[in-house]
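So the structure is just underneath, and the comments pick up after that.
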Amino acid sequence: MQKKWWTLLGVCGGTFMLLLDTTIVYVVLPDVQADLNAGFADLQWVIDGYALALAALLLTSGTLADRFGRRRLYTVGVVLFTLASLLCGLAHSPLMLVLARIFQGVGGSVMFATGLALLAGSFQGKERGTAFGVWGMVTGLASAIGPVAGGLISSGISWRGIFLINVPIGILVALIVALRVDEAKSPFARRLDLPGFALLTSGLVTLVYGLIRAGENGWGESRALTFLIVGGVLLAAFLVVEARVEQPMFELRLFRIPTFVGGSVAAFAMNGSLFAMFLFLAIYFQEVLRYSSLETGVRLLASSLAMLVASLVAGRISARVQPRFLIGVGLLLVGAALLLMGGVDARSGWEHFLPGLVLGGLGAGLVNPPLASTAVGVVDFSRSGMASGVNGTFRQLGVSAGVAVLGSTFAVVIGNRLRDGLAGVPVVGDRTDQLVSLVRSGEIDRAAALVPEAQRGTVQRLAVEGYVDGLNTLLHLSAGLALVGGLASLLLIRAADFEGAQHPKAPDAAAPPAPVTAEN
């Protein structure tokens with residue numbers, strides 16, 4: 000077998016492991032909460048710690064890959080991710096799990112930054128479309144089996160098994176890449192941008208911490224506002240530094256290319272809408288509808304299977320249909336699906352969500368394959384590592400910002416509904432804050448047990464109403480983001496930008512980089 004096909008196998012194997020881990024985690028979070036006595040903020044950090052590490056390190060990983068070799072860095076990333084998965088499976092506290100997830104994100108960032116660049120350097124012409132189509136189908140397959148696999152492993156063994164399953168997969172992928180994939184470097188690799196890295200990392204962590212804290216203590220809390228302001232200032236400083244340094248990690252001139260802008264917006268919107276909502280749908284199914292992790296996974300399978308089917312179709316037609324139509328229409332379908340899932344009330348069963356889950360899966364499946372090629376298809380080869388890193392950064396920013404903003408909104412809506420409803424229940428007294436905290440964490444029965452038996456029904460009813468109000472609010476917010484992303488994709492992504500990009504026949508071709516303009 001030619002080495003380029005080994006490259007495709009190695010990259011798809013790593014992608015499968017990463018995305019399988021993501022979809023599995025959503026389903027088992029309530030089990031994690033019960034076993035480790037984790038709060039709602041802890042659950043958010045299990046997702047956001049991973050996503051933030053990815054977002055903060057992707058650009059630096061792309062630079063390192065261009066300098067030291069994409070195969071070498073990809074192998075290192077697989078090894079780190081595999082070791083971190085082992086630590087996640089052995090975690091005995093929420094803090095240890097969050098730290099291990101951050102470590103996972105470090106390894107994942109290297110894999111995300113180098114994977115698409117390896118494919119772009121190994122395949123040309125129609126074969127590139129085929130390779131990216133296969134990659135998109137793998138993302139759909141991982142998403143399809145993730146929820147059910149998570150439920151099966153968690154119900155049959157433990158939630159820890161969802162992380163430990165990565166160990167044999169990671170070892171196999173590392174061996175394939177190390178032994179069968181050609182090295183690829185950029186002859187024009189950049190220096191590390193340490194000031195940019197420091198500002199981006201500190202800004203993202205500070206901002207997300209402020210968002211999560213605002214959900215716990217209210218948007219008016221002074222400390223939450225301080226973190227939000229400081230995070231915004233740090234990110235603004237990052238943009239200023241990147242505009243002035245000679246070799247930035249985040250080359251702002253790339254945003255002169257309309258297609259690159261459209262692809263970045265689409266990546267953020269896709270992950271910040273439907274994929275972020277999966278966390279709250281999984282929590283709702285288990286805490287309000289009372290399904291187990293396996294039963295929840297089976298019900299979310301409708302979306303995953305639709306995503307897989309649409310990815311197969313998108314991979315086949317990607318050479319004939321312009322990316323902007325696949326991405327734009329896909330995101331519009333996602334927005335429509337989220338609106339369709341709205342209108343939840345206390346009597347709604349899971350069947351209420353089924354049409355929206357299927358439609359959302361179809362939309363997401365159309366987006367993934369062309370979105371991957373859009374990132375690196377509009378820049379010359381010497382910048383493909385950076386372009387892949389930027390696209391991955393926007394994907395993970397979508398997850399981290401989506402989970403943080405939606406989670407904070409969810410917590411505030413639930414808290415307001417409970418406080419308003421319990422205001423007329425004198426026996427609750429000073430336990431209101433404790434009840435709110437427990438309900439936010441999904442411990443509705445435990446919260447009800449704290450009040451006299453006569454009031455337990457009231458607490459349970461208010462908790463369900465709070466979850467319903469919160470879920471409807473989140474569905475509308477995420478739908479708006481998806482619709483904006485779809486319109487932006489249709490307006491900004493254009494075929495001319497792909498035609499202008501220069502790609503060498505061999506990965507190590509040494510031609511000077513073309514200037515980054517709106518035309519290439």
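Just so you know, we're using numbering that gives the first Met the number 0 here: the sequence shown kicks off at 0 and counts up by one. Glycine is no exception: its CB is placed at the ideal position from the N, C-alpha and C atoms.
So, helix, strand or coil for residue 36, using DSSP?
Of the three classes helix, strand and coil, the one that applies to residue 36 here is coil, per DSSP.
For residue 148 and residue 23, believed in contact at Cβ under 8 Å, the rounded distance:
The Cβ separation is near 6 Å, so the contact holds.
According to DSSP, is residue 130 part of a helix, a strand, or is it coil?
For residue 130, the three-state secondary structure derived from DSSP is helix.
Spell out a yes or no on whether the segment 129–144 and the segment 72–90 are touching, meaning 3 or more CB-CB pairs, one atom from each, closer than 8 Å.
Verdict: no, contact absent.
Which value, in whole angstroms, describes the spacing of the CA atoms of residue 465 and residue 156?
In a straight line, the C-alpha of residue 465 is about 32 Å away from that of residue 156.
Just to confirm my understanding: we take residue 468, look at its own chain, exclude 5 residues before and 5 after, and list those with CB closer than 6 Å. What are they?
Taken in chain order, the residues that qualify are 412 and 416.
Suppose only complete runs of 4+ residues qualify. What are the alpha helix (DSSP H) ranges in the segment 190–269, listed by chain order?
193–216, 221–243 and 257–269, all fully within the segment 190–269.
Establish whether the CB of residue 494 and some CB of chain D are separated by less than 8 Å.
Included in the structure is just one protein chain, with no chain D present.
Ordered along the chain, which non-local residues of its own chain (more than five positions away) have a Cβ less than 8 Å from that of residue 408?
214, 469, 472, 473 and 476.
Hey, residue 279 and residue 405: beta-carbon distance below 8 Å or not?
For residue 279 and residue 405, yes; Cβs fall inside 8 Å.
Other residues of its chain near residue 336: CB distance less than 7 Å, five sequence neighbours each side excluded
By the criterion of a C-beta distance shorter than 7 Å, residue 336 is surrounded in its chain by 355, 358, 359 and 362, once the five residues flanking it on both sides are discounted.
Mind reading off the beta-carbon distance from residue 309 to residue 365? Whole number of angstroms is fine, and I expect it under 8 Å.
About 5 Å separates the Cβ atoms of residue 309 and residue 365, confirming a contact at the 8 Å cut-off.
Taking 8 Å as the cut-off, decide whether the C-beta atoms of residue 234 and residue 251 are in contact.
Going by C-beta atoms, residue 234 is not nearer than 8 Å to residue 251.
Compute the Euclidean distance between the alpha carbons of residue 117 and residue 435, then round it to the nearest angstrom.
Approximately 49 Å, taken between the alpha carbons.
Among 70, 170, 25 and 121, the one whose alpha carbon lies nearest that of residue 85:
The residue with the shortest Cα to Cα distance from residue 85 is 170.
Look at the Cβ atom of residue 138, then the Cβ atom of residue 492, and state whether they are nearer than 8 Å.
Taking 8 Å as the Cβ cut-off, residue 138 and residue 492 do not qualify as a contacting pair.
Nearest candidate by alpha-carbon position, reference residue 15, set 209, 463 and 168:
Residue 168 is the option with its Cα nearest to residue 15.
Residue 445 - containing alpha helix (DSSP H), residue span
Run containing residue 445: 443–447, per the alpha helix (DSSP H) assignment.
DSSP on residue 15, reduced to helix/strand/coil?
In this structure, residue 15 counts as helix in the three-state DSSP scheme.
In chain order, what residues of the same chain lie with their CB nearer than 6 Å to the CB of residue 162, ignoring the 5 residues before and after it?
For residue 162, the CB contacts under 6 Å within the same chain, skipping 5 residues up- and downstream, are 84, 87 and 88 in chain order.
Would you say residue 93 and residue 28 are within 8 Å of each other, going by their C-beta atoms?
No, these two residues do not count as a Cβ contact at 8 Å.
Is the beta carbon of residue 3 less than 8 Å from the beta carbon of residue 179?
Result no, Cβ atoms of residue 3 and residue 179 do not sit closer than 8 Å.
Since residue 392 and residue 322 are thought to touch, with beta carbons under 8 Å apart, how far apart are those beta carbons, to the nearest angstrom?
Contact between residue 392 and residue 322 fails: their C-beta atoms lie close to 19 Å from each other, not under 8 Å.
Taking the Cβ atom as the reference point for each residue, do residue 53 and residue 102 lie within a distance shorter than 8 Å?
No, the Cβ-Cβ distance between residue 53 and residue 102 is not below 8 Å.
Nearest-angstrom Cα distance between residue 72 and residue 97?
Distance between the alpha carbons of residue 72 and residue 97: 24 Å.
Among 43, 65, 378 and 37, nearest to residue 276 - alpha-carbon criterion:
Ranking the options by Cα distance to residue 276, first place goes to 43.
Three-way DSSP call (helix, strand, coil) for residue 122 in this model:
Here residue 122 sits in coil by DSSP.
Taking a contact to mean a Cβ-Cβ separation below 8 Å, would you say residue 398 touches residue 46 in this structure?
Against a cut-off of 8 Å, the Cβ pair of residue 46 and residue 398 comes out as a contact.
Tell me which same chain residues have a C-beta within less than 6 Å of the C-beta of residue 19, skipping the five on either side of it?
141 and 145.
Could I get the ranges of all uninterrupted alpha helix (DSSP H) runs contained in the segment 352–418, with 4 residues as the minimum, in chain order?
When DSSP assignments are scanned along the segment 352–418, the uninterrupted stretches of alpha helix (DSSP H) that are 4 or more residues long and fall wholly within it turn out to be 353–376.
Residue 8 to residue 114 span [Cα, whole Å]:
Cα-Cα distance, rounded: 11 Å.
With H, G and I counted as helix, E and B as strand and the rest as coil, what does DSSP make of residue 503?
Bear in mind that a pLDDT of 46 at residue 503, under 50, signals an unreliable position, so the number given afterwards is only what the model happens to contain. DSSP places residue 503 outside both helix and strand once states are collapsed to three, so it counts as coil.
Cutoff 6 Å; reference residue 270; Cβ partners in own chain excluding five residues on either side:
Excluding residues within five positions, the ones whose Cβ falls inside 6 Å are 394, 397 and 398.
If you drop the 5 nearest sequence neighbours on each side, which residues of the same chain put their C-beta closer than 8 Å to that of residue 241?
So the qualifying residues of the chain are 192, 195, 247, 248, 249, 250 and 251.
Distance between beta carbons of residue 55 and residue 210, contact taken as under 8 Å:
That belief does not hold up - the Cβ atoms of residue 210 and residue 55 are roughly 16 Å apart, past 8 Å.
Going by other Cβ atoms of all chains shown within 10 Å of its Cβ, with 16 needed for buried, is residue 219 buried or exposed?
By the Cβ-count criterion, residue 219 is exposed, with fewer than 16 other Cβ atoms from all chains shown falling within 10 Å of its own Cβ.
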